[in-house]
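Below is one structure, written out as structure tokens, with a few remarks after it.
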Amino acid sequence: MLDKDIKFLEESFKKYYFDHFDLIHTHTNPERREFGYQKFNFGMNRHIPIKSDKELHLLLMTNIPSDVYCSNASYLFPNLPMAEKDWQGADLIFDVDAKDLNLPCRINHVCKKCTTCGNVFLQQNECPDCKSTKYETSSALCQNCIAGAKNEIRKLISILTGDLGIKKENIRVYFSGNEGFHVYVSESNYEKLDSRERAELVDYILFKGALPETFGAKKSDFSKSVFSDIDEKGWLGRTSKQVFGSKSNKPKLSKQLISEGYFSFKKKLEDLQKIIGAQIDPNVTIDVHRIFRLAGTINSKSGLSKILCNDLEKFNPGNDACFIDDDKVTILANCPVEFKLKNKKFGPYKKEQVTVPKYAAVYMICKGYATLA
Amino acid sequence: MSNQIITSVLKLGTEEIAKYPFLTEAGNYLKEKGFTLEQFGNDEDLRPIIEIAFQRIETAANGKIFNSDFNVKNLDVEVFSFLVAVILLKQSAMNTLIKRFSLAEARRAEKFLEKDLSDINNKAKEELAIKIIKDLFSMDIHKSDDYFVIPVVDYLKHATHFYEQEWKLVNRLVDNGNVFLTSHETVRLIRKELDNFISSKIHSANIPSIPESFKKSVEALVSLAKKFSVQTVETGESPPCIKHALDVLSKGENLPHSGRFMLATYLLNKGQTIEEIAPLFKNAPDYNEKITLYQLKHLSGVFGSGTKYACPSCDKLKSENLCFAIPECANIINPLQFGRKKIPNA
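Protein chains in written order, with the numbering used here: chain U, 16 to 388; chain S, 1293 to 1638.
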């Protein structure tokens, strides 16, 4: 990123931070958390202790970070190296990223930025300008992808509250600031689970590793299989509902399943993973030492904020997570897609100089689609 | 919780102690009953118990469960033979035998626990079995209809020791934070902990000195143990997950961070040097020599926290879609174990 763009982003971020201290708070028990931050074009600073909102706000003003992070784990000595921190437990966190859903719309809004000449293009496998095949990808905001991610969140919350007994009031959903959502579970007895145990929980949520026998299949004599009922708890009921649709369909469809055989049923269960399993990123939940973007801070991949979604259904990231002001800024934009922020459409721009509100300029510069003119 | 507390809280009768002899302290129990170790060598009636204790260990060593006889007259023999076996094992200090004995005794107790849990005609037996599970394994368990219900968290703590897919949480009935199990599944779930508990009892048994009459059996145990010692050789073949990672890199395709971590930690743990490993990543689309060397040094513990990172387990790799298991992967839990073959001692 060019120096002038970094300077512009830092000024914009600083103003946002100064104007929105009310949105930026330390995590619960800050004295037990590890904080970290990054500056533009620099590596990560980790193992930072922050004891209060005031200390945090001071760090934002003095360092003007591009990204700010806080651990989901609590430690006795959060500022010491990892091996000496003395891990006490960690909130359960789930990450649903639209990128992982691989929806068909992505081909139309995932831009490729050539790492050789900086050109931004869509769809092709090589840079149309310099023919290089090395590029980085970044996705522009897409309502369809956000809707897909919200659907996964609904499935996840249903499993968390119904199967795992987690109280609704202990679940908070945040927009990640880019393309997905983070779901935090606090004050639950799951906090003490280690990585391996969390991996098992992840497979449960993904509906991964389900055996036909669990749902009533008899491998030795498949014709004697008695499949689980729709009104059963947990995956038994959920799977049957998906397979049979209704109670009245069960006898007929059971016969059909039996005629298709054990391995066909096994394959059906595997195929159901993507439909009834909640598509979470396993690595995020398994990692008990990770630092996560701090709520209220800006995601430097987009210029949007990580923000609590009080009403997931109505939440619109382009409106509800876009807090940069609308002063006019002139940029040189090379943005092959259209995107919408604060109910205004922008783009596509083909290597042209345009004057746009600051929030749109920040968004495009963060995405790598523009530089200051 | 100490055993004395458990036994006093549970108020065990002789039959219960015969079923669950590990709930008592060997030395203390014999003293309380008015016996000395010397008597086992001298007394005509007690001497056979040393032989039965030896057989109990030998049966366990052969992977079988000691055949228990629950006639009232033999309850004492049941208890004493276990306690004497503990003394013999502790004295022999043969870990192989201690491990085999603990597992066999855990499986023996498992049978009784399962029977007691499902004994609908005897509520006291069911309560005792539940209490043993609760107290020894800090597991919150209660009965609901025909099921034994335990919190998901407790289930995961125990079930992650299993590698059979049926124990995966996804293959269990789960509702409102609880897992519903049969009596058989409940006791099977704690086998490993029961095994560990018995083994720790043997290791921590306080036995000041043993009489001459025990020494022959102890020596016999030492030579019995030799039969079970094994040597391992490595075939040198790489596991499929590592082959896959190398294949992806050699094609210049992108290997995810988790895959690079697996490959690097695997090779470091196999003794390769950073200089040998670094070139493997040269083909990666985002290769940066400086960053690669930094990360390899970090993983090898050269700097940073100084911790040498372990190769991820097969379980973790499965979750990360990095596992490409083949039949030869059976019974391994980490890629580093792939290709190790046991050669029994002649």
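The C-beta atom is built at its ideal place from N, Cα and C for all residues, glycine as well.
Being a predicted model, the structure only gives us computed values, none of them experimental.
Contact check, residue i vs residue j, beta carbons under 7 Å
i: Val-377 (chain U); j: Thr-300 (chain U); result: no
i: Cys-393 (chain U); j: His-40 (chain U); result: Outside the shown range of chain U (16 to 388) lies residue 393 (chain U), about which nothing can therefore be said.
i: Glu-353 (chain U); j: Lys-360 (chain U); result: yes
i: Glu-1382 (chain S); j: Ile-1494 (chain S); result: According to the sequence shown, residue 1382 (chain S) is Lys rather than Glu. Cβ atoms of Lys-1382 (chain S) and Ile-1494 (chain S): closer than 7 Å.
i: Asp-112 (chain U); j: Glu-194 (chain U); result: yes
i: Leu-1547 (chain S); j: Ala-1537 (chain S); result: yes
i: Tyr-384 (chain U); j: Ile-339 (chain U); result: no
i: Thr-345 (chain U); j: Thr-386 (chain U); result: no
i: Tyr-1601 (chain S); j: Leu-1591 (chain S); result: yes
i: Thr-1452 (chain S); j: Arg-213 (chain U); result: no
i: Val-1376 (chain S); j: Ala-1352 (chain S); result: no
i: His-72 (chain U); j: Asn-94 (chain U); result: no
i: Leu-398 (chain U); j: Cys-337 (chain U); result: Here chain U comprises residues numbered 16 to 388, so residue 398 (chain U) is not present and cannot be evaluated.
i: Val-241 (chain U); j: Gly-249 (chain U); result: no
i: Gln-221 (chain U); j: Gly-292 (chain U); result: In the sequence as displayed, the identity of residue 221 (chain U) is Leu instead of Gln. Yes.
i: Asp-341 (chain U); j: Pro-372 (chain U); result: yes
Test: residue i CB closer than 7 Å to a CB of chain U
i: Asp-1427 (chain S); result: no
i: Met-1293 (chain S); result: Since pLDDT at Met-1293 (chain S) reaches only 40, below the 50 mark, its modelled position is unreliable, and the value read off the structure follows with that caveat. No, no contact with chain U.
i: Ile-1618 (chain S); result: no
i: Gln-1457 (chain S); result: yes
i: Leu-1448 (chain S); result: yes
i: Ser-1542 (chain S); result: no
i: Val-1594 (chain S); result: no
i: Leu-1628 (chain S); result: no
i: Lys-1589 (chain S); result: no
i: Asp-1467 (chain S); result: yes
i: Ser-1373 (chain S); result: no
i: Ser-1496 (chain S); result: no
i: Val-1444 (chain S); result: yes
i: Ser-1436 (chain S); result: no
7 Å Cβ cutoff, residue i in contact with chain S
i: Thr-229 (chain U); result: yes
i: Lys-248 (chain U); result: yes
i: Pro-297 (chain U); result: yes
i: Leu-24 (chain U); result: no
i: Gly-224 (chain U); result: yes
i: Asp-18 (chain U); result: no
i: Glu-212 (chain U); result: yes
i: Asp-112 (chain U); result: no
i: Asp-286 (chain U); result: no
i: Ala-98 (chain U); result: yes
i: Tyr-90 (chain U); result: no
i: Glu-215 (chain U); result: yes
Inter-residue CB distance, residue i and residue j (contact presumed, cutoff 8 Å)
i: Tyr-52 (chain U); j: Leu-74 (chain U); result: 7 Å
i: Glu-1406 (chain S); j: His-1476 (chain S); result: 6 Å
i: Cys-120 (chain U); j: Cys-132 (chain U); result: Their Cβ separation, rounded to whole angstroms, is 27 Å, which puts Cys-120 (chain U) and Cys-132 (chain U) out of contact at 8 Å.
i: Asp-296 (chain U); j: Asp-106 (chain U); result: Not quite, the Cβ-Cβ distance comes to about 16 Å (not below 8 Å), so this is no contact.
i: Ser-153 (chain U); j: Lys-128 (chain U); result: 7 Å
i: Ala-98 (chain U); j: Thr-1599 (chain S); result: 5 Å
Candidates the options, of which the one nearest residue i by Cα
i: Val-1490 (chain S); options: S:Lys-1610, S:Val-1471, S:Ser-1592 and S:Ile-1390; result: Note that residue 1490 (chain S) is Ile in the sequence shown, not Val. Residue S:Ile-1390 is the option with its Cα nearest to Ile-1490 (chain S).
i: Asp-335 (chain U); options: U:Glu-328, U:Ile-322 and U:Asn-159; result: U:Ile-322
i: Lys-382 (chain U); options: U:Tyr-219, U:Cys-132, U:Phe-109 and U:Leu-319; result: U:Leu-319
i: Ser-243 (chain U); options: U:Glu-328, U:Phe-259 and U:Phe-196; result: U:Phe-259
i: Leu-1448 (chain S); options: U:Asp-18, U:Ser-173, U:Gly-192 and U:Leu-179; result: U:Leu-179
i: Ser-89 (chain U); options: U:Pro-45, U:Leu-327, U:Phe-109 and U:Lys-262; result: U:Pro-45
i: Cys-157 (chain U); options: U:Asn-331, U:Asp-341 and U:Val-369; result: U:Asn-331
i: Val-1386 (chain S); options: S:Leu-1513, S:Ile-1379, S:Asn-1470 and S:Ile-1624; result: A small correction: the amino acid at residue 1386 (chain S) is Met; Val does not occupy that position in the sequence shown. Ranking the options by Cα distance to Met-1386 (chain S), first place goes to S:Leu-1513.
i: Leu-171 (chain U); options: U:Lys-289, U:Leu-38, U:Cys-350 and U:Leu-309; result: U:Lys-289
i: Val-1594 (chain S); options: S:Asn-1626, S:Leu-1560 and S:Phe-1616; result: S:Leu-1560
i: Glu-1307 (chain S); options: S:Ile-1422, S:Asp-1408 and S:Arg-1483; result: S:Asp-1408
i: Lys-365 (chain U); options: U:Ile-380, U:Met-379, U:Asn-349 and U:Phe-237; result: U:Asn-349
i: Leu-347 (chain U); options: U:Ile-380, U:Gly-311, U:Ser-315 and U:Ile-273; result: U:Ile-380
i: Ile-1534 (chain S); options: S:Gly-1469, S:Leu-1516, S:Thr-1316 and S:Lys-1610; result: S:Lys-1610
i: Ser-317 (chain U); options: U:Gly-333, U:Asn-325 and U:Leu-327; result: U:Gly-333
i: Glu-285 (chain U); options: U:Tyr-199, U:Val-200 and U:Lys-223; result: U:Lys-223
i: Glu-1612 (chain S); options: S:His-1549, S:Thr-1328 and S:Lys-1589; result: S:His-1549
Any non-hydrogen atom of the ligand SAH within 6 Å of residue i CB
i: Ala-1512 (chain S); result: This structure does not include the ligand SAH; it has no bound ligands of any sort.
is_contact[residue i, chain C] using C-beta, thresh 7 Å
i: Asp-178 (chain U); result: The displayed structure is made up of protein chains U and S, and chain C is not among them.
Those runs of the beta strand (DSSP E) which lie wholly inside the segment 144 to 198 of chain U and span at least 3 residues: 150 to 154 and 186 to 190
What are the complete alpha helix (DSSP H) segments, minimum 4 residues, inside the segment 16 to 48 of chain U? 18 to 34
For a minimum of 3 consecutive residues, which ranges assigned as the beta strand (DSSP E) are wholly contained in the segment 225 to 311 of chain U? 306 to 308
Completely contained beta strand (DSSP E) runs for the segment 1539 to 1582 of chain S, where each covers 3 or more residues: none
Can you list, in chain order, the stretches of the beta strand (DSSP E) that have 3 or more residues and sit fully within the segment 358 to 385 of chain U? 359 to 361 and 364 to 372
What are the uninterrupted segments assigned as alpha helix (DSSP H) that are 4 or more residues long and contained completely in the segment 1338 to 1367 of chain S, given in chain order? 1339 to 1353
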